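Chemist: Under this note's numbering, residues 338 to 479 are what the sequence shown spells out, in order.
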Amino acid sequence: MPAVVLAKVRRPGIAPRRLRRVLAHVLRRHRAPARAQVTVVLVSDRAIRVLNRRFLRKDRSTDVLAFPGGDRSFLGEVVVSVDRARAQAKAAGHDPATEIALLAAHGLLHLLGYSDRTAARRAWMMRRQRRLLHELGIEVRG
338 MPAVVLAKVR
348 RPGIAPRRLR
358 RVLAHVLRRH
368 RAPARAQVTV
378 VLVSDRAIRV
388 LNRRFLRKDR
398 STDVLAFPGG
408 DRSFLGEVVV
418 SVDRARAQAK
428 AAGHDPATEI
438 ALLAAHGLLH
448 LLGYSDRTAA
458 RRAWMMRRQR
468 RLLHELGIEV
478 RG
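#1: What separation, rounded to the nearest whole angstrom, lies between the Cα atoms of residue 427 and residue 478?
#2: Leaving out the 5 sequence neighbours to the left and right, which residues in its chain are closer than 6 Å to residue 425 when beta-carbon positions are compared?
#3: How many angstroms separate the CA atom of residue 375 from the CA atom of residue 404?
#4: Taking C-alpha atoms, which residue in 461, 466, 474 lies nearest to residue 363?
#5: Please report the distance separating the alpha-carbon of residue 447 from that of residue 340.
#6: At what residues does the alpha helix (DSSP H) containing residue 470 begin and finish?
#7: With distances taken Cα to Cα, identify the nearest neighbour of residue 413 among 469, 451, 356, 373.
#8: Does DSSP put residue 476 in a helix, in a strand, or in coil?
#9: At which residues does the alpha helix (DSSP H) containing residue 444 begin and terminate?
#10: Specify whether the segment 439-454 and the segment 388-407 touch according to this definition: at least 3 beta carbon pairs, one from each stretch, less than 8 Å apart.
#11: Taking its Cβ as the centre, do 16 or more other Cβ atoms sit within 10 Å of residue 408, making it buried, or is it exposed?
#12: Whole angstroms is fine: what's the gap from residue 347's alpha carbon to residue 386's?
#13: Am I right that residue 419 and residue 469 are in contact with their C-beta atoms under 8 Å? What's the rounded C-beta distance?
#14: Please report the distance separating the alpha-carbon of residue 367 from that of residue 451.
Pasting the structure below:
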């Protein structure tokens, strides 16, 4: 299985099957090796803040973190804050499942080598995420 989804919160806001479908689509569209795997963990704001502080030395919560794996068969782990996703979804005018899918796709794109360190790259990456979700019939607002 190319994608594993672990929910560390009571109400993850998206069906694991739906999220695995999104991740598999991103992997397929980027011609990732058939055996490539990624893990997505859905956590609370508090949990992602601990990870952000521990690994990036930033003492604040964030919406998504991506931790690269060691080789081409394990791309790495994407951690999504469900709390942050719910707030961002409300502000954007779409449902939490759409926001979680968007954030998971964003994290996976990082694991595939994409960067959003400049405004131009950030805009390009956002367009790419939206297009990938659109191909699955998921429309991102805001």
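From the three backbone atoms N, C-alpha and C, an ideal C-beta is built for every residue, glycine too. As the structure is a prediction and not an experimental result, all values here were calculated from the model.
Modeler: Walking through what the data contain:
#1: 10 Å
#2: 436
#3: 10 Å
#4: 466
#5: Rounded to whole angstroms, residue 447 to residue 340 spans 15 Å at the Cα level.
#6: 456-472
#7: 373
#8: coil
#9: 433-448
#10: Yes: the two stretches touch, three or more of their Cβ pairs being nearer than 8 Å.
#11: Exposed is the call here.
#12: 18 Å
#13: The pair is not a contact, with the Cβ atoms about 21 Å apart (cut-off 8 Å).
#14: 11 Å
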